[in-house]
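In what follows, a structure is listed as structure tokens, so that the remarks can point back to it.
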DNA sequence: GTTTTAACTTACCCATGGGTAAGATATCAA
DNA sequence: TTGATATCTTACCCATGGGTAAGTTAAAAC
């Protein structure tokens, strides 16, 4: 995996010449800011830091965003859009509740390895204004409800052991959300490995099917 | 459980009269600060906020702590002490790896519902100085290693399905750590309910033992 | 009672950082 | 070429909040 946003920097060149399209530059600001927010947190990232990395000065940023918070909010919006996309896919897919949950874990885990996705669960939404906070909380609630409904479906169709769906959803969401706290794009673990093992262990559990015998061990691929 | 630190405030009276023991007052500052850090985050909690809640003035706080960071660090220390305590219990206990993991989840989940425990995983350790950060990271690494070793034990003794112990540990730790993000002491879910269901579903999985775990299950529904 | 000392207050300092005013300069349309 | 406009810079404002200096009050020691 050679080119990973950090090292070779495509978007850092966006401000090389003066007149180019604003859309690209706005995007570059956003990408850079998201990166910094993940590196140092939103609060510890100053507008100057963002400007510096783009090799411009602070006030230039205000041509593309009204204020710092708007940048943060936009990160949330892009991230939640990624999540909603995959959620719609899964919901429309046929299958038992358990399969949906499994697909959810897999897809969601992958999103948690993408910067904008990571922002959604790692950044502190308490830094948002009340209105923006309400919007973001709404997105998050929607995700939680979606997962919870998959679990309830599974209990209803018999693919999932009866349990408190609310707690189960928190458990799964927690495991996956936490990825954005420790995942490193350049790290040893690939997104694919993480996503697939998470999907398996969270649905099937750690426990060996029964006792210690290899009695009816299924083909483990 | 009627008296829950928030409503009836025992430690908020610590500064009622002037000369009392410093230890109690220091503890009151700590408790109040931890509470505020969880309510508003460390960064958004000013020393004035802490003082105000204790009905004293900001400089008075500096009789008990050298600076704001020392308060934060102390929260981490008390929290990690709670965790280590339970970890030692479990490690010394006999049992298969899976049982240890289960016990870990149960105990750790309970710690995550206690304010100082919540601080450990919810507060942003990036606010600490490099030295303090190293100390805290060290605590956290120890916890992770402990969990990972339980899992490896389980794989070795046959109680746990072979898997990548590192990823499995992240998954479990994530689910449990996330509790401190959503748990509300006054909320509908009790610590006991959460801890026991977490211990069960994370070890046994969601899937119903027989019938649906497999991909080739024909799932009508 | 008087002194000593810890506990606390009032009043302040100043670094950080979000945001703006106003001017400079390159780009684009004509 | 030239004016108009978006782009970007230099220089600044000021609110917030951690931290301190120095004095005040009350408790405790004698």
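Residue numbers (the working numbering), protein chains in the order written: chain F, 2 to 222; chain P, 2 to 222. Don't be surprised by glycine CBs; every beta carbon is placed ideally from N, CA and C. Every value quoted in this text rests on a predicted model; they were computed, and no experiment measured them.
CB contact flag (residue i, residue j, <8 Å)
i, j, result
"residue 169/P", "residue 114/F", "no"
"residue 180/F", "residue 80/P", "no"
"residue 173/F", "residue 91/F", "no"
"residue 120/F", "residue 198/P", "no"
"residue 166/P", "residue 146/P", "no"
"residue 76/F", "residue 38/F", "yes"
"residue 171/P", "residue 183/F", "yes"
"residue 158/P", "residue 104/P", "no"
"residue 99/F", "residue 155/F", "yes"
Collapsed DSSP secondary structure at residue i in the structure displayed
i, result
"residue 106/P", "helix"
"residue 44/F", "coil"
"residue 15/P", "coil"
"residue 143/P", "helix"
"residue 189/P", "coil"
"residue 208/F", "strand"
"residue 161/F", "strand"
"residue 221/F", "With a pLDDT of only 35 at residue 221/F, under 50, the local geometry of the prediction cannot be trusted, and the value read off the model is given with reservation. Correct three-state label for residue 221/F: coil."
"residue 122/P", "helix"
"residue 181/P", "helix"
"residue 56/P", "coil"
"residue 66/P", "coil"
"residue 130/F", "coil"
"residue 1/P", "No information on residue 1/P is available, as it lies outside the stretch 2 to 222 that chain P covers here."
"residue 78/F", "helix"
"residue 155/P", "helix"
"residue 33/F", "helix"
"residue 116/F", "helix"
"residue 22/P", "coil"
"residue 94/F", "coil"
"residue 196/P", "helix"
"residue 10/F", "coil"
"residue 5/P", "Residue confidence for residue 5/P is low, a pLDDT of 41 falling below 50, so the modelled location carries little weight; the figure read from the coordinates is stated next. In this structure, residue 5/P counts as coil in the three-state DSSP scheme."
For residue j and residue i, the rounded distance between their alpha carbons
i, j, result
"residue 31/F", "residue 140/F", "20 Å"
"residue 133/F", "residue 74/F", "7 Å"
"residue 46/F", "residue 194/F", "31 Å"
"residue 143/P", "residue 185/F", "20 Å"
"residue 130/F", "residue 69/P", "25 Å"
"residue 177/F", "residue 18/P", "49 Å"
"residue 87/F", "residue 124/F", "21 Å"
"residue 109/F", "residue 14/P", "47 Å"
"residue 209/F", "residue 152/P", "12 Å"
"residue 67/F", "residue 122/P", "33 Å"
"residue 23/P", "residue 50/P", "20 Å"
"residue 57/P", "residue 10/F", "51 Å"
"residue 54/P", "residue 48/P", "10 Å"
"residue 78/F", "residue 20/F", "27 Å"
"residue 93/F", "residue 116/F", "26 Å"
"residue 82/P", "residue 82/F", "40 Å"
"residue 196/P", "residue 61/P", "39 Å"
"residue 212/P", "residue 135/F", "In this predicted model, residue 212/P has a pLDDT of only 48, less than 50, meaning its place in the structure is not dependable; the value taken from the coordinates is given anyway. Roughly 42 Å between the two C-alpha positions."
"residue 25/P", "residue 25/F", "58 Å"
Interface partners of residue i on chain P, CB under 7 Å
i, result
"residue 82/F", "In chain order: nothing, as chain P lies at least about 22 Å away."
"residue 209/F", "159, 160, 161, 162"
"residue 44/F", "44"
CB-CB length for residue i against residue j, believed under 8 Å
i, j, result
"residue 33/P", "residue 102/P", "Incorrect: roughly 36 Å between the Cβ atoms, too far for contact."
"residue 192/P", "residue 89/P", "The Cβ separation is near 21 Å, so there is no contact."
"residue 63/F", "residue 27/F", "Not confirmed; about 12 Å, so no contact."
"residue 137/F", "residue 126/F", "5 Å"
"residue 161/F", "residue 190/P", "Wrong, their Cβ atoms sit about 19 Å apart, outside the cutoff."
"residue 12/F", "residue 35/F", "With 8 Å as the limit, residue 12/F and residue 35/F do not qualify as a contact, their Cβ atoms being about 10 Å apart."
"residue 59/P", "residue 52/P", "5 Å"
"residue 200/F", "residue 44/P", "Residue 200/F to residue 44/P, Cβ: 35 Å. No contact."
"residue 72/P", "residue 118/P", "About 17 Å separates the two Cβ atoms, so there is no contact after all."
Listed by chain order, chain F residues near residue i by CB distance under 7 Å
i, result
"residue 172/P", "176, 199, 202, 203"
Proximal chain P residues relative to residue i, where beta-carbon distance stays under 9 Å
i, result
"residue 190/F", "165, 167, 168, 171"
"residue 194/F", "165, 168"
Contact set between residue i and chain F, taken where Cβ atoms lie within less than 8 Å
i, result
"residue 41/P", "127"
"residue 102/P", "207"
"residue 180/P", "171, 175"
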